Amino acid sequence: MKKRTQLGVLSAAFLASMALSGCAGGNTASSGNSTSGSSGTTAQSSGTSGEAQAGGKILIATQSPLSGSQSSLGDAIKSGAEYALKQQQEEFKKMGFDLQLFPQDDQADPKMGVSNAEMLVSNPDVLGVVGHLNTGVAIPSSVKYEEGKLVMVSPANTGVKLTEEGKKTVHRICARDDAQGPKAAIYAKSKLNVKNAFLIHDKTAYGQGLADQVKAQFEKDGVQVLGYEGITSGEKDFSAVVNQVIAKNPDMIFFGGLYPDGGIIIKQAREKGYKGVFMGGDGLDSSDMVKIAGDAAEGVYFTSIAGDVTQTEEGKKWAEEYKKTMNKPLETFSVYGYDSMSVILNGLKEAIKANGGKKPTREQVLDAVHKTKDFQGQFTKVSFDDKGDNQFADVFIYKYSGGKSVFIGKAE
1163 MKKRTQLGVL
1173 SAAFLASMAL
1183 SGCAGGNTAS
1193 SGNSTSGSSG
1203 TTAQSSGTSG
1213 EAQAGGKILI
1223 ATQSPLSGSQ
1233 SSLGDAIKSG
1243 AEYALKQQQE
1253 EFKKMGFDLQ
1263 LFPQDDQADP
1273 KMGVSNAEML
1283 VSNPDVLGVV
1293 GHLNTGVAIP
1303 SSVKYEEGKL
1313 VMVSPANTGV
1323 KLTEEGKKTV
1333 HRICARDDAQ
1343 GPKAAIYAKS
1353 KLNVKNAFLI
1363 HDKTAYGQGL
1373 ADQVKAQFEK
1383 DGVQVLGYEG
1393 ITSGEKDFSA
1403 VVNQVIAKNP
1413 DMIFFGGLYP
1423 DGGIIIKQAR
1433 EKGYKGVFMG
1443 GDGLDSSDMV
1453 KIAGDAAEGV
1463 YFTSIAGDVT
1473 QTEEGKKWAE
1483 EYKKTMNKPL
1493 ETFSVYGYDS
1503 MSVILNGLKE
1513 AIKANGGKKP
1523 TREQVLDAVH
1533 KTKDFQGQFT
1543 KVSFDDKGDN
1553 QFADVFIYKY
1563 SGGKSVFIGK
1573 AE
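Laid out in structure tokens, this is it:
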């Protein structure tokens, strides 16, 4: 899933944060700014009028945590999607449409995600959704999208179940846990010489799903699993599980979960004398990881479903333009938020063309997005299979060093 001064999927400094209002009523948006339903966010427009009014208003929503402990990741998704939309607003205006971003704060909470999804489905101007960050939020929310034939393209959801339920509206451009987990385990054994490990997860669809995949690969490859424990996310003292780790003294701790908990666990483990390797998934990919863990973050490995766009000269130039336009550093999921929005907008244009230049139905947009083949995003190429998974999705390895995440390369 699942950001940095130089985070997990980008080795240039990345970080993001976004202001968000509280709960408010109403579930429609005017052509300027209007309050959404339960999340209290507003449609963001460049103030288009005149020609744009002829074809009507089109809203593309984002759903990610914009408040709370996971907001740095959620804002990266929102900001990347916003950048892609801004770049194409003028093109849509010339086509006669007022294209606006409609960001929603799902608060990393399934109930809020579903409430927001119901509001989005009830608004006929909403023709697509970029999101979510958390698989545990995406799965129940996708039930509502399916009912409303509202296409969703996720930049971050890795849970296998998401695309195994047969929903045509669900798509993702990133790799699944059954790709990320095994590759993490293989890298740990072959490159880090791990012979035994203690696995910890946060009991979420993302965290436990990833840990389960790592565990299965370890057992297949003969790496001894010395412990497998779940923690309650949000706690500040993980000494109970850390003490178990210290007693077992494994070569590696693998954590399936997000940086607010992972940062505390590694810090407390180091304080108790743990000297082994600490590894996790892309949930550890945040500049806030270093803020939480301090010096204990040094040497922490993590896999990511997103690569480093700054590895090419073109990517470096794009990253600088992003930072200049958005007035914030590029984060890992900024790029995948950008590519997810680009996929939706490409499908939207195809649907408008097929509809004779008129505003398309949700079904027409869904059909066009679902048929996406060989679409080249800023970082990843996208071709959806029948389930909505990206056939070009990959997994990458990073390591925290010198207070920032450093790109190592593709996980083989």
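Each number in our numbering comes from the position in the sequence shown (counting from 1) with 1162 added on.
Even for Gly, the Cβ is constructed at its ideal location relative to N, Cα and C.
Nothing here was measured: the structure is a model prediction, and the numbers come from that model.
Mind checking GLU1308: buried by the 16 CB within 10 Å criterion, or exposed?
In the sequence shown, residue 1308 corresponds to position 146, counting from 1. Buried is the call here.
Practice task
Kindly indicate the opening and closing residues of the alpha helix (DSSP H) around GLN1553.
Solution key: As a first step, residue 1553 must be located in the sequence shown, where it is residue number 391. Run containing GLN1553: none; DSSP gives neither H nor E here.
Quiz item: From TYR1500 to ASP1271, what does the alpha carbon distance come to, in whole angstroms?
Solution: To locate residue 1500, count along the sequence shown from 1; it is residue 338. To locate residue 1271, count along the sequence shown from 1; it is residue 109. Roughly 23 Å between the two C-alpha positions.
> Where ILE1301 and SER1316 are concerned, what is the direct C-alpha to C-alpha distance, given to the nearest angstrom?
Replying inline: Taking the first residue of the sequence shown as 1, we reach residue 1301 at position 139. Taking the first residue of the sequence shown as 1, we reach residue 1316 at position 154. In a straight line, the C-alpha of ILE1301 is about 11 Å away from that of SER1316.
**Message:** For GLY1419, tell me which candidate among PHE1440, ASP1413, SER1401, GLU1433 has the shortest Cα-Cα distance.
**Reply:** Counting from one through the sequence shown, the residue named residue 1419 turns up at place 257. If we check each option's Cα against that of GLY1419, PHE1440 comes out closest.
inquiry  = Tell me the DSSP secondary structure of GLN1225 in three-state form.
reply    = Walking along the sequence shown from the start, residue 1225 turns up at place 63. Of the three classes helix, strand and coil, the one that applies to GLN1225 here is strand, per DSSP.
- Message: Going by beta-carbon coordinates alone, are VAL1283 and GLN1225 separated by less than 9 Å?
- Response: For the purposes of this step, residue 1283 is taken as the residue at position 121 of the sequence shown. For the purposes of this step, residue 1225 is taken as the residue at position 63 of the sequence shown. No. Outside cutoff.
Mind the definition here: the stretch 1424-1432 touches the stretch 1403-1414 only if three or more C-beta pairs lie below 8 Å; say whether that holds. Short answer: they touch.
Using alpha carbons as the reference points, say which of LYS1434, PRO1286, LEU1446 lies closest to HIS1363. Within the sequence shown, residue 1363 is the residue found at index 201, counting from 1. Comparing Cα-Cα distances from HIS1363 to each of LYS1434, PRO1286, LEU1446, the minimum goes to LEU1446.
Check: What are the boundary residues of the beta strand (DSSP E) that PHE1541 is part of?
Finding: Residue mapping note: residue 1541 aligns to position 379 of the sequence shown, counting from 1. Unbroken run through PHE1541: none, as it is neither H nor E.
HIS1333, DSSP secondary structure in three states = Position 171 of the sequence shown, counted from the start, is the residue given in the question as residue 1333. Note: HIS1333 maps to strand in three-state DSSP.
Where does ASP1529 sit, in a helix, a strand or coil, going by DSSP? Counted from its first residue, the sequence shown places residue 1529 at position 367. Annotated three-state conformation of ASP1529 is helix, per DSSP.
| query | So is GLU1326 buried or exposed if we call it buried at 16+ other beta carbons inside 10 Å? | reply | The sequence position of residue 1326 within the sequence shown is 164, counting from 1. Classification of GLU1326: exposed, given that the 10 Å Cβ count is below 16.
Where GLU1244 falls, given that 16 or more other Cβ within 10 Å makes a residue buried: Against the sequence shown, residue 1244 aligns to sequence position 82. Label assigned to GLU1244: buried.
Practice task
Could you tell me which residues DSSP pairs with LYS1561 in its beta bridges?
Solution key: What you label residue 1561 is simply residue 399 of the sequence shown in a count that begins at 1. According to DSSP, LYS1561 bridges with TYR1463, VAL1568.
**Cβ neighbours of VAL1351 in the same chain (closer than 6 Å, five flanking residues each side left out)** = Position 189 of the sequence shown holds residue 1351. Sequence check: residue 1351 is Lys here, not Val. Result list for LYS1351: ASP1383, VAL1385, in chain order.
For this session: Report the rounded CA-to-CA distance for ALA1337 versus LYS1255, giving the unit in angstroms.
Result: Position 175 of the sequence shown holds residue 1337. Position 93 of the sequence shown holds residue 1255. For ALA1337 and LYS1255, the distance between alpha carbons rounds to 34 Å.
**Prompt:** So what does ILE1415 bridge to, in DSSP terms?
**Reply:** On the sequence shown, position 253 is the one that residue 1415 refers to. For ILE1415, which the question treats as bridged, DSSP gives the partners PHE1360, PHE1440.
| task | Can you have a look at GLN1540 and say buried or exposed, based on whether 16 or more other CB atoms are within 10 angstroms of its CB? | result | Indexing the sequence shown from 1 puts residue 1540 at position 378. GLN1540 should be labelled buried.
Practice prompt. Could you give the DSSP three-state label for SER1448: helix, strand or coil?
Written response: As a first step, residue 1448 must be located in the sequence shown, where it is residue number 286. Note: SER1448 maps to coil in three-state DSSP.
Separation of ALA1468 from MET1274, as counted between CA atoms | As a working mapping, residue 1274 is identified with position 112 in the sequence shown. As a working mapping, residue 1468 is identified with position 306 in the sequence shown. Each residue's alpha carbon lies about 26 Å from the other.
Here's the rule I'm using: 16 or more other beta-carbon atoms within 10 Å means buried, otherwise exposed. How should ASN1489 be labelled? Taking the first residue of the sequence shown as 1, we reach residue 1489 at position 327. Within a 10 Å sphere around the beta-carbon of ASN1489 sit fewer than 16 other beta-carbons, which makes this residue exposed.
- Segment contact flag, the stretch 1469-1488 with the stretch 1443-1460, C-beta cutoff 8 Å, min 3 pairs: no
Fill in: DSSP-derived helix/strand/coil call for ASP1374
Residue mapping note: residue 1374 aligns to position 212 of the sequence shown, counting from 1. In the three-state reduction of the DSSP assignment, ASP1374 falls in the helix class.
*asked:* So, at 7 Å on beta carbons, what are the nonlocal neighbours of ASP1413 in its own chain, with the 5 sequence-adjacent residues on each side left out?
replied: Taking the first residue of the sequence shown as 1, we reach residue 1413 at position 251. Hits under 7 Å: VAL1356, LYS1357, ASN1358, ALA1359, GLY1438, VAL1439.
Query - Residue of VAL1387, MET1314, PHE1400, LYS1549 minimising C-alpha distance to GLY1509 - result: On the sequence shown, residue 1509 is found 347 positions in, with the first residue counted as 1. For the residues VAL1387, MET1314, PHE1400, LYS1549, the minimum Cα distance to GLY1509 belongs to MET1314.
Where do the N-terminal and C-terminal ends of the beta strand (DSSP E) with GLY1519 fall, by residue? Taking the first residue of the sequence shown as 1, we reach residue 1519 at position 357. Neither: GLY1519 is in no beta strand (DSSP E) and is coded neither H nor E.
(message) Bridge partners for GLY1392 per DSSP, in chain order?
(response) Reading the sequence shown from its first residue, position 230 is the one you call residue 1392. GLY1392 is bridged to HIS1363.
If you count every other CB in all the chains shown that lies within 10 Å of the CB of SER1502, and 16 or more means buried, which is it?
By one-based count along the sequence shown, residue 1502 stands at place 340. Buried is the call here.
Next item on the list: Classify PRO1422 as helix, strand or coil using the three-state DSSP reduction.
Entry: Position 260 of the sequence shown holds residue 1422. Correct three-state label for PRO1422: helix.
Practice prompt. Leaving out five residues on either side along the sequence, give the residues of the same chain with a beta carbon under 7 Å from the beta carbon of TYR1421.
Written response: Position 259 of the sequence shown, counted from the first residue, corresponds to residue 1421. Cβ within range, chain order: GLY1445, LEU1446, SER1448, ASP1450, MET1451, ILE1454.
Practice item. Tell me whether ASN1552 is buried or exposed, calling it buried when 16 or more other Cβ atoms sit within 10 Å of its Cβ. Key: The residue labelled residue 1552 in the question sits at position 390 within the sequence shown. Result: buried.
Within 10 angstroms of its Cβ, does PRO1227 collect 16 or more other Cβ (buried), or is it exposed? Along the sequence shown, one-based indexing puts residue 1227 at 65. By the Cβ-count criterion, PRO1227 is buried, with 16 or more other Cβ atoms from all chains shown falling within 10 Å of its own Cβ.
Could you check whether ALA1341 and VAL1531 sit closer than 9 Å to each other, using their CB atoms as the reference points?
Stepping through the sequence shown from its first residue, residue 1531 is reached at position 369. Stepping through the sequence shown from its first residue, residue 1341 is reached at position 179. The answer is no: Cβ separation not under 9 Å.
Mind checking ASP1548: buried by the 16 CB within 10 Å criterion, or exposed? Along the sequence shown, read from residue 1 onward, the residue named residue 1548 stands at position 386. Per the 10 Å Cβ criterion, exposed.
- Short Cβ contact (9 Å threshold) for THR1487 with ILE1335: Here residue 1487 is taken as the residue at index 325 of the sequence shown, counted from 1. Here residue 1335 is taken as the residue at index 173 of the sequence shown, counted from 1. No, these two residues do not count as a Cβ contact at 9 Å.
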